[in-house]
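Quick note: the sequence shown uses the numbering used here, first residue 468, plus one each step.
Heads up: the structure comes next, in C-alpha cells.
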Amino acid sequence: MKEIDELKQRMDNNDEIVDSLVKKNTEMEKQVTKITDNPVPDYSIAINTILTEVREIKQNIKQNDELTLLKQIYEKLSKVPTSVTKQIRILLFPETNQGQYYKIVFGRLIPWGLCFVVITYLYSLGGRAIDAYGQHKQSEQSAHYQRAWIYLKQIAKKRTLSAMDTAYSKTENK
468 MKEIDELKQR MDNNDEIVDS LVKKNTEMEK QVTKITDNPV PDYSIAINTI
518 LTEVREIKQN IKQNDELTLL KQIYEKLSKV PTSVTKQIRI LLFPETNQGQ
568 YYKIVFGRLI PWGLCFVVIT YLYSLGGRAI DAYGQHKQSE QSAHYQRAWI
618 YLKQIAKKRT LSAMDTAYSK TENK
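Below, the structure is given as C-alpha cells:
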C-alpha cells in the first residue's frame, strides 16, 4: 500500500512538472510569435551591377594595366549612391537593454564613484590627522623642554646660570 501511495505521489509530482513545462513552453511560443523578423535588405541588384561594370571595364581595357583598372573601379564605385548616415549622439537613456543599463549604472558606477569619493576624503582626513598629531607631539616636547629649562634655572648655581644664559643667547636666533 505504501508503495502504491509513493508511486501515486511520484506520478503527481511528475504531472506537476509536466504541467509547468507545458505552461513555460506556451509562454515561450507566445514570446517567439511576438518577435518580429527584421528584413535583410537585398543587395543582389547592386552587387550584380557592380560585377557587370567590372566586367565591362575589364573588356574595355586592352592593356592589363592594374593601376588604370583600379582607378576606373574607384570611379565607378564613387558614382554609386550611398545611403550611409552618420550619427553622433550620447545616450543617457538607452532605447534597448534598459535593465542592463540601469544595472550597470546604479549597481556598479554610482557605488564605485561614491567609494572613490569617500576614500579620497578619508585619505585627506588621514593626512590632516597625521599633521595634527605631529604638531601635538612637537608642542608636548616644547612644553617639556620649557619645564626642564625652568627647573634647571630654579636649582642652578651662578656658574650654571651664566652658562645657561650664554647658551640661550647663542641659540636665540637659530
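A virtual CB, placed ideally from N, CA and C, is assigned to each residue, including glycine.
**OP:** Determine the DSSP secondary structure at Val507, reduced to helix, strand or coil.
**Re:** The answer is coil: DSSP assigns Val507 none of H, G, I, E or B.
**OP:** Please report how far the alpha carbon of Glu421 lies from the alpha carbon of Gly601, in whole angstroms.
**Re:** There is simply no residue 421 to check, as the chain begins at 468 and stops at 641 in what is shown.
Original post:
Pick from Gly593, Val572, Lys553 and Tyr635: whose alpha carbon is nearest that of Pro561?
Top reply: Val572
**OP:** Determine, using beta carbons only, whether Glu520 and Lys543 come nearer to each other than 7 Å.
**Re:** yes
Original post:
At which residues does the alpha helix (DSSP H) containing Met480 begin and terminate?
Top reply: First, the residue type needs correcting, since residue 480 is Asn and not Met in the sequence shown. Where Asn480 is concerned, the enclosing alpha helix (DSSP H) stretches over Lys469 to Lys501.
**OP:** Tell me whether Gln608 sits in a helix, a strand or coil according to DSSP, three-state version.
**Re:** helix
**OP:** Measure the C-alpha to C-alpha separation of Thr587 and Thr633 and round it to an integer number of angstroms.
**Re:** 50 Å
Original post:
At what residues does the alpha helix (DSSP H) containing Lys553 begin and finish?
Top reply: Segment: none, Lys553 is in no alpha helix (DSSP H) and carries neither H nor E.
Subject >> Helix, strand or coil at Lys624 [DSSP, three-state] >> reply: coil
Subject >> Any 3 or more C-beta pairs closer than 8 Å across the stretch 480 to 488 and the stretch 496 to 513 >> reply: no
**OP:** Return the first residue and the last residue of the alpha helix (DSSP H) that Thr535 is part of.
**Re:** Glu533 to Lys546
**OP:** Give the secondary structure of Thr519 by DSSP, where H, G and I count as helix, E and B as strand, and everything else as coil.
**Re:** helix
Original post:
Expressed to the nearest angstrom, what Euclidean distance is found between the alpha-carbon atoms of Arg477 and Val489?
Top reply: Cα-Cα distance, rounded: 18 Å.
**OP:** Could you tell me the distance, in whole angstroms, from the CA atom of Leu558 to the CA atom of Pro578?
**Re:** Cα to Cα, the separation comes out at about 21 Å.
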